[in-house]
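Note sheet for the following structure.
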Amino acid sequence: IRHAENYLDLMKVRYEDKFQYQISSGIDWRIQIPKYVLQPLVENAVSHGLEGKLGHGTVRIIVENSDRTFFLRVRDDGVGMPDEQVERLNAQFGGVGGADMTQPCGGIALRNVNSRIRLMFGEDYGLHLFSAAGVGTECCVTLPLRFREA
Numbered sequence: 006i007r008h009a010e011n012y013l014d015l016m017k018v019r020y021e022d023k024f025q026y027q028i029s030s031g032i033d034w035r036i037q038i039p040k041y042v043l044q045p046l047v048e049n050a051v052s053h054g055l056e057g058k059l060g061h062g063t064v065r066i067i068v069e070n071s072d073r074t075f076f077l078r079v080r081d082d083g084v085g086m087p088d089e090q091v092e093r094l095n096a097q098f099g100g101v102g103g104a105d106m107t108q109p110c111g112g113i114a115l116r117n118v119n120s121r122i123r124l125m126f127g128e129d130y131g132l133h134l135f136s137a138a139g140v141g142t143e144c145c146v147t148l149p150l151r152f153r154e155a
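Heads up: take any position in the sequence shown, counting from 1, add 5, and you land on the working numbering.
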């Protein structure tokens, strides 16, 4: 989280305070997650979500858990994506529905993060996108809830 905060602070300077960010968490920070999961999501929110937006924007990092699952959400109120692109990306993330992996539709960093999560934890975990053009995008990561030693 500190790494993401540092990145966002640098981007605020670069984009002359065109956006703000919020981090919401009600969990124990001893949660164990793979390295380099959050950073690509935050970068995408800034560069693809907010860069093309007219006016001020917001990136939100939301960390939650259920009794057995950890949820990491990165949400922006930027330009969003068309439904067809979201469907293609989600199909590629899930490896279902005849997703054509030879015809990528963007999201290289997201596909890499999703692949690493699925290799480490199985096909029940990974990424899922929610987006609406002109409204914004949310990328939700699900992981098994595991704690590291204190």
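Heads up, the beta-carbon is just placed ideally off N, CA and C, and yes, glycines get one too. Treat the numbers as computed from the prediction; the structure is a model and nothing was measured.
Item: Going straight from the alpha carbon of L59 to that of G83, what length do you get?; Value: 9 Å
Item: Considering just the uninterrupted stretch of the alpha helix (DSSP H) at D14, what are its terminal residues?; Value: R7 to R19
Item: Decide yes or no for the touch test of the region 136 to 155 against the region 57 to 76: beta carbon pairs closer than 8 Å, at least 3 of them.; Value: yes
Item: State the start and end residues of the unbroken alpha helix (DSSP H) segment that holds A114.; Value: I113 to F126
Item: Quick one: grab the DSSP three-state call for G103.; Value: Note that G103 has pLDDT 45, beneath the 50 cutoff, so the model's placement of it is unreliable and the number below is only indicative. Three-state DSSP puts G103 in coil, outside helix and strand.
Item: Within 10 angstroms of the Cβ of Q27, are there 16 or more other Cβ atoms? Answer buried if so, exposed if not.; Value: exposed
Item: Alpha carbon to alpha carbon, how far is A104 from L15?; Value: Caution applies to A104, whose pLDDT of 47 falls short of 50 and renders its modelled position unreliable; the model cannot decide the point.
Item: Taking the beta strand (DSSP E) that E69 belongs to, which residues open and close that run?; Value: G62 to N70
Item: Would you report the Cα separation of I122 and G57, rounded to the nearest angstrom?; Value: 29 Å
Item: Taking all protein chains shown into account, do 16 or more other C-beta atoms lie within 10 angstroms of the C-beta of H8, making it buried, or fewer, making it exposed?; Value: exposed
Item: Using a Cβ-Cβ cutoff of less than 6 Å, which residues in the same chain neighbour G54 once the five nearest sequence positions on both sides are dropped?; Value: D81, G83 and T142
Item: Taking all protein chains shown into account, do 16 or more other C-beta atoms lie within 10 angstroms of the C-beta of N11, making it buried, or fewer, making it exposed?; Value: exposed
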